[in-house]
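Chemist: First, the structure itself, so that you have it in front of you.
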Amino acid sequence: MFDFSCYSQDDLRQANLDFCTYMKDVALKVPLSVLPETEVRVQQVEAVTEDFYAHFGEHMNTVCLYYLSNYLLQDFIKKPKRNKTMNEADGFFTPQQLAERQRRELSYPVEVLDAIRINSLFQITRPKRTVNLDDV
4 MFDFSCYSQD DLRQANLDFC TYMKDVALKV PLSVLPETEV RVQQVEAVTE
54 DFYAHFGEHM NTVCLYYLSN YLLQDFIKKP KRNKTMNEAD GFFTPQQLAE
104 RQRRELSYPV EVLDAIRINS LFQITRPKRT VNLDDV
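Under the numbering used here, the first residue of the sequence shown carries the number 4, and numbering increases by one thereafter.
Put into structure tokens, the structure is as follows:
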């Protein structure tokens, strides 16, 4: 998947940056039709993290691990079903989906919600405006 042997021990930061770029531009852009099975992806991720640790003696940074987790979950993330989070036992939203959901949700202050609730509950008892055509 990615070769860390061309980096020296002092190039740890650059190796992390290059691996993140590789994950964003190559691995996460693989279409669903070409995506390997989950077991194969798990083996690939384990091999990459073991290679990194064996070469540098440290773990990858959190951004690289985040991209690796997204690579493992690509079949779920790219699934075209709109209600996949409700139908799956372990459903989740991607950060983009969460941002879009929060952008579309409207939060009303408590006073506005109380006024809407009162209007809907006591619609019968509120006086209605009527105009007598005989009086006009």
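Glycine included, C-beta positions come from ideal geometry on N, C-alpha and C.
Nearest by alpha-carbon distance to D78: which of V66, T65 and T97 is it?
Modeler: As a position in the sequence shown, residue 78 is number 75, starting the count at 1. Minimum Cα distance to D78 is reached at T97.
Chemist: Contact check, C67 vs M4 under 8 Å by CB: the rounded distance?
Modeler: For this step, residue 67 is matched to residue 64 along the sequence shown. For this step, residue 4 is matched to residue 1 along the sequence shown. Not confirmed; about 12 Å, so no contact.
Chemist: Would the beta-carbon of Y74 fall within 9 Å of that of L35?
Modeler: Looking up residue 74 in the sequence shown gives position 71. Looking up residue 35 in the sequence shown gives position 32. Their beta carbons are not under 9 Å apart, which means Y74 does not touch L35 by this criterion.
Chemist: Which residue comes first and which comes last in the alpha helix (DSSP H) that contains E108?
Modeler: Along the sequence shown, read from residue 1 onward, the residue named residue 108 stands at position 105. Unbroken run through E108: none, as it is neither H nor E.
Chemist: Distance, Cα to Cα, T24 vs T52?
Modeler: The residue you call residue 24 lines up with position 21 of the sequence shown. The residue you call residue 52 lines up with position 49 of the sequence shown. Cα-Cα distance, rounded: 16 Å.
Chemist: Between the C-alpha atoms of E49 and L20, what's the straight-line distance to the nearest angstrom?
Modeler: Along the sequence shown, read from residue 1 onward, the residue named residue 49 stands at position 46. Along the sequence shown, read from residue 1 onward, the residue named residue 20 stands at position 17. So the two alpha carbons sit approximately 19 Å from each other.
Chemist: Are the beta-carbon atoms of H62 and S8 separated by less than 9 Å?
Modeler: Sequence index remark: in the sequence shown, residue 62 carries index 59 (1-based). Sequence index remark: in the sequence shown, residue 8 carries index 5 (1-based). No, the pair does not count as a contact, with Cβ atoms beyond the cut-off.
Chemist: Relative to the C-alpha of T76, which residue among L38, S11 and G60 is closest?
Modeler: Numbered from 1 along the sequence shown, position 73 holds the residue referred to as residue 76. It should be pointed out that residue 76 corresponds to Leu in this sequence rather than to Thr. The shortest C-alpha separation from L76 is found at L38.
Chemist: Tell me the DSSP secondary structure of F95 in three-state form.
Modeler: Your numbering for residue 95 matches position 92 in the sequence shown. It is coil, neither helix nor strand.
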